[in-house]
Amino acid sequence: MTQRRTRVLVVEDDADTAGFVRTVLERRGGMDVVVAGDAMTALAEVDQQVPDVILTDIQMPGMSGLELLGELRSRAPGVPVAVMTAFASVDYAVEALRRDADEFLVKPVAAATLLDRVTALAAVGQARRDAVGPRDVVLAVGAHPDDVEIGVGATLASHRAAGHQVVILTMSGGAVGGDSQTRRHEALAAAAVIGARLFLHDFEDTRMQAAGGLIAVVEEAVSDLSPTVVYTHSAHDRHQDHRAVHEAVMVATRKVPSVACFQSPSCTLDFRPTRFVPVDGFVETKLEMLAAFTSQSHRDYMEPDVVRSTARYWSRFGTGAYAEPLETVRAAAMLSGAGATTGAVGLVAQMPEPRTGEAPA
C-alpha cells in the first residue's frame, strides 16, 4: 500500500525563505508543502485541511507567528508546530515554548537540519493521532445564519474542545431576516470562535425545498467530509425552511452513524428531545458565538439570560448544570461504541419515557 505523503504548512512572508523550505521538503523529503504568506491565510488553509506539521515564521505583518501559535492550538490540536526566526533571542525561544511550540529554529536553517526536524515532528504528530484514536467529524446543517449556533452552539464548542473537526453548513444568507452580506460576515465570525469550517450557500430565504437542490448540497458535503455525527433542524418546526432542511438532511445522511435534531426558537410543542448533551463550561462560548450576530441582537432568544436559562432548564433531564436537547434520529456509533469517542455525543443522558398521559416538559 502506498504511504501517504506528509503534508506541511509553511507560514512565511519572505518568498526566498519559503521557496527554500518548499524545495528542501518536497525534493529531498518527498513531502507535500503548502505556503501561506500570512497568518490569516494559514488559518484558512488549516480550516480547509489540517496539515501534519506547521512551520511558521515569528516576524510577520499583522498577526505574529507566536499569536498564530495560540490560534493553531485551538483549531488544530495535536499538530506539531515549529517556529522559525532570524533572531536567536532567548526571550523568543522562551515565549515560543511557553505557547507550546514543539520546535524552535533559528534562520538560516541548514537543509539537513530542516528535513530532520520536520521528519521528526511528523512522527510526533502521527504518534499523537495514534494515541488519541479516531476523532469525530461533526457536520451541523442550518437553514439560516445563527440557526446552528442557537441550536447546538455549546455542543459544537465541546466537540472542538475534544479535538473533533466541526463543519457548519448554512443554506442561505438569511436575506428575509436582514442584510445577507452582513449576516454572512457574522456567520464567519461566529464559526471562527470555535475554529469551525463554514460553508455558506445562497438558497432563497423562505423558499427552500428539499428536492430543490438542498439534498444534493448535503450529499456533496457528506461525500467530501465523511461525517460521523450530524446535527440539523427538527421536523417539528413552524418555519418552512427549517422543515425543508430537515427533510434534505434525512435523505442525504442515511449512511451517517449518528444523526440528531436540535431545537430552534420556532420549534413546536411536538419537539420531544430524547438526548441531553451536558455543556457545562461551554455556554459562555456559545454566547460568544451568538454575540457575533449583532444584526440579530434585538431578538429575545439571543439574550444571554434566555440562553443560559434554557440550557439550565434542559439539564434537569440530564447531568450537569447546563444541557442542550436533541431528538435522536440515529445513534449507531454511540450505542454500539464503534467510532464513538469522548466527544459530546458520547456523553449524553437519555430522557425517561413519559408516563401515560404525561407529555415531556
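Numbering-wise (my numbering), the sequence shown opens with residue 1 and increments by one. We put the CB at the ideal spot given by N, CA and C, even for glycine. Please read all numbers here as calculations on a predicted model, not as lab measurements.
Where Leu-139 and Val-167 are concerned, what is the direct C-alpha to C-alpha distance, given to the nearest angstrom? The sequence position of residue 139 within the sequence shown is 139, counting from 1. The sequence position of residue 167 within the sequence shown is 167, counting from 1. Their Cα atoms are separated by approximately 5 Å.
Ala-210 and Ser-172 - do their beta-carbons sit closer together than 8 Å? As a first step, residue 172 must be located in the sequence shown, where it is residue number 172. As a first step, residue 210 must be located in the sequence shown, where it is residue number 210. No, they are not a contact pair.
Distance CB(Thr-56)-CB(Gly-62) smaller than 8 Å: Indexing the sequence shown from 1 puts residue 56 at position 56. Indexing the sequence shown from 1 puts residue 62 at position 62. The answer is no: Cβ separation not under 8 Å.
For Gln-263, count the other beta carbons within 10 Å of its own beta carbon; 16 or more makes it buried, fewer makes it exposed. Which is it? As a first step, residue 263 is located in the sequence shown; it is residue number 263 there, counting from the start. The residue in question, Gln-263, is buried, as its Cβ has 16 or more Cβ neighbours within 10 Å.
Start and end residues, beta strand (DSSP E) containing Asp-237: In the sequence shown, residue 237 corresponds to position 237, counting from 1. Here Asp-237 belongs to no beta strand (DSSP E), and DSSP marks it neither H nor E.
Between the alpha carbons of Ser-223 and Pro-108, how many angstroms are there, rounded? Here the question's residue 223 lines up with position 223 in the sequence shown. Here the question's residue 108 lines up with position 108 in the sequence shown. In a straight line, the C-alpha of Ser-223 is about 43 Å away from that of Pro-108.
Spell out a yes or no on whether the stretch 201-210 and the stretch 119-133 are touching, meaning 3 or more CB-CB pairs, one atom from each, closer than 8 Å. no
C-alpha gap between Ala-101 and Arg-27, whole angstroms: The residue you call residue 101 lines up with position 101 of the sequence shown. The residue you call residue 27 lines up with position 27 of the sequence shown. Near 26 Å, if we compare the C-alpha coordinates of Arg-27 and Ala-101.
Between the alpha carbons of Val-152 and Ala-127, how many angstroms are there, rounded? Within the sequence shown, residue 152 is the residue found at index 152, counting from 1. Within the sequence shown, residue 127 is the residue found at index 127, counting from 1. Answer to the nearest angstrom: the Cα atoms are 32 Å apart.
Which of the three DSSP states, helix, strand or coil, is assigned to Gln-48? The residue you call residue 48 lines up with position 48 of the sequence shown. Helix at Gln-48.
Whether or not the stretch 186-205 and the stretch 287-303 are in contact is what I'm after, with contact meaning three or more pairs of Cβ atoms, one per stretch, closer than 8 Å; do they touch? yes
Top-ranked residue by Cα proximity to Ala-321, from Arg-330, Leu-114, Gly-281 and Phe-271: Residue mapping note: residue 321 aligns to position 321 of the sequence shown, counting from 1. For Ala-321, the nearest C-alpha among the options comes from Gly-281.
Limits of the alpha helix (DSSP H) - the one that Glu-186 falls within: Locating residue 186 in the sequence shown gives position 186, counting from the first residue. Unbroken alpha helix (DSSP H) run through Glu-186: 180-194.
Is Leu-198 helix, strand or coil by DSSP? Here residue 198 refers to the residue found at position 198 when the sequence shown is read from its first residue. Three-state result, Leu-198: strand.
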